[in-house]
Amino acid sequence: MTGVFLALLKGVPVALAVTGLAFLIGAVLGIPLVLMRRARSWLLRLIARIYIDVMRGIPPVVWLFIIFFGLGSGIIALSPFRAAVLGMGLISAAYLAEIYRGGFLTLPAGQNAAAVALGLTRLDTLRYVLAPQVLRVSVAPMATFLVSLLKDTTVASTIGVRDVMMLVTQQAQAAGGGFAPFIAAAVLYILLSIPVAVLARTMDARMRGRIAA
Numbered sequence: 070m071t072g073v074f075l076a077l078l079k080g081v082p083v084a085l086a087v088t089g090l091a092f093l094i095g096a097v098l099g100i101p102l103v104l105m106r107r108a109r110s111w112l113l114r115l116i117a118r119i120y121i122d123v124m125r126g127i128p129p130v131v132w133l134f135i136i137f138f139g140l141g142s143g144i145i146a147l148s149p150f151r152a153a154v155l156g157m158g159l160i161s162a163a164y165l166a167e168i169y170r171g172g173f174l175t176l177p178a179g180q181n182a183a184a185v186a187l188g189l190t191r192l193d194t195l196r197y198v199l200a201p202q203v204l205r206v207s208v209a210p211m212a213t214f215l216v217s218l219l220k221d222t223t224v225a226s227t228i229g230v231r232d233v234m235m236l237v238t239q240q241a242q243a244a245g246g247g248f249a250p251f252i253a254a255a256v257l258y259i260l261l262s263i264p265v266a267v268l269a270r271t272m273d274a275r276m277r278g279r280i281a282a
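Right under this line is the structure:
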């Protein structure tokens with residue numbers, strides 16, 4: 070069991086890299102998406118809504134197959150790793166945009182009017198008034214999504230990414246179909262998820278303290 074666990078550790082850097090890069094892409098692309106969802110133009114709102122619904126409505130493994138075997142087969146040269154990062158990043162953008170939108174919905178309705186009365190522009194209102202509060206209330210759900218994303222990235226093994234799940238499959242085949250590698254993988258993912266949860270609680274507490282101060 071120890072040997073299997075150590076063998077699976079070789080896939081941890083790849084799994085963390087896919088998760089981290091996909092989350093970063095999603096966090097950045099989620100900003101224009103949520104702004105489009107809140108735009109005055111019905112067309113922008115419609116485009117953002119369709120993108121979010123489509124990306125969330127199709128399983129991640131299907132998107133990875135479309136990107137890797139579709140785009141990556143001739144249109145754009147994509148390695149399995151890059152295809153996984155791109156696919157999970159685009160999916161993350163849809164989920165994180167909705168998390169951001171939920172953060173905006175928790176804000177008092179009168180803040181925009183107060184900002185206008187103070188002479189702030191829409192950009193300044195977003196940057197200095199709304200965005201910091203949205204970030205504070207979004208930390209916890211973002212951390213929850215990050216843990217979920219870490220687990221969802223296991224589908225990257227289906228397109229050839231040598232992450233933990235691919236090594237699990239190889240170990241199970243070498244052991245004649247034993248379940249020990251899967252137990253080891255479960256323990257490993259729990260150990261990887263705990264620091265994220267602790268970090269989220271710490272960041273949330275610090276940001277609440279700053280707001281209260």
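With positions in the sequence shown counted from 1, the corresponding number in the working numbering is that position plus 69.
In this text, a Cβ means the ideal position worked out from N, Cα and C, and glycines have one as well.
Check, Outcome
"Count the other C-beta atoms from every protein chain shown that fall within 10 angstroms of the C-beta of GLN242, then say buried if there are 16 or more, exposed otherwise.", "exposed"
"Suppose you measure from the CA of PRO201 to the CA of GLN239; what does that come to, to the nearest Å?", "46 angstroms"
"To the nearest whole angstrom, what separates the beta carbons of GLY156 and LEU90, a pair I think is in contact under 8 angstroms?", "With a Cβ gap of about 11 angstroms, GLY156 and LEU90 do not count as contacting."
"Between LEU133 and ALA225, how many whole angstroms is the CB-CB distance? I'm expecting something under 8 angstroms.", "7 angstroms"
"Please classify ASP232: does DSSP put it in a helix, a strand, or coil?", "coil"
"Just curious, the alpha helix (DSSP H) that LEU93 is in, first and last residue?", "81-106"
"For VAL208, tell me which candidate among LEU165, VAL185, LEU219, LEU236 has the shortest Cα-Cα distance.", "LEU165"
"Report buried or exposed for THR271, applying the criterion of at least 16 other Cβ atoms within 10 angstroms of its Cβ.", "exposed"
"Looking only at C-alpha atoms, which of PHE137, LEU260, LEU85, SER161 sits nearest to ALA96?", "SER161"
"My assumption, with CB atoms under 8 angstroms, is that PRO149 sits in contact with VAL230. Please give the rounded CB distance.", "5 angstroms"
"Counting pairs of beta carbons, one from the segment 166-176 and one from the segment 99-114, are three or more of them closer than 8 angstroms?", "yes"
"In three-state DSSP terms, what is PRO128?", "coil"
"If you draw a straight line from the C-alpha of GLY80 to the C-alpha of LEU192, how long is it?", "43 angstroms"
"Return the chain-ordered list of same chain residues with a C-beta closer than 8 angstroms to the C-beta of LEU77, the five sequence neighbours on each side being excluded.", "VAL233, LEU236, VAL237, GLN240, PRO250, ALA253, ALA254, LEU257"
"Going straight from the alpha carbon of VAL185 to that of LEU199, what length do you get?", "13 angstroms"
"Within 10 angstroms of its Cβ, does ASP221 collect 16 or more other Cβ (buried), or is it exposed?", "buried"
"Can you give the Cα-Cα distance for GLY126 and PHE248, rounded to whole angstroms?", "31 angstroms"
"Quick check on THR190: does DSSP put it in helix, strand or coil?", "coil"
"Quick one: Cα of ILE259 to Cα of ILE94, how far?", "24 angstroms"
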